[in-house]
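Comments concern the structure below.
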Amino acid sequence: MIIIEYCGDGDPAFGGTADDRALGPDGYILRHEQRVLKIEPVEFATLEEAHEASKLVKNRRPQSMLGVAPTWR
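First residue of the sequence shown: 958, per the numbering used here; consecutive thereafter.
So, in structure tokens, the structure goes:
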């Protein structure tokens, strides 16, 4: 599973401000530029690991919400 920072409201394609980003290496939420460089989100095997990592996010934006999402291989 990955951690996602949800920020904003509504789909940008329809005038919204949503800008959701995943947690990357070193405890930082990935910026768009990093994703273009193919820096991948960190994957967690358990909810407990994801929870502990979410407590240490270094660049969380104000009024954002953290969540987890499943990943498949």
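Glycine residues also receive a C-beta, built at the ideal position from the N, C-alpha and C atoms.
These figures come from a predicted structure and were not determined experimentally.
Inset, instruction - Please confirm whether E962 and I986 have their CB atoms less than 8 Å apart. - result: yes
Legend entry - Sequence-distant residues of the same chain with beta carbon closer than 7 Å to G1024, five excluded per side: I961, Y963
Inset, instruction - Grab me the residues of F1001's own chain with a C-beta within less than 6 Å of its C-beta, minus the 5 sequence neighbours each way, in chain order. - result: M958, A1007
Inset, instruction - For G972, count neighbouring Cβ atoms within 10 angstroms of its own Cβ and tell me buried if that reaches 16, exposed if not. - result: exposed
Inset, instruction - May I have the straight-line CA-CA distance separating P982 from E990, to the nearest angstrom? - result: 14 Å
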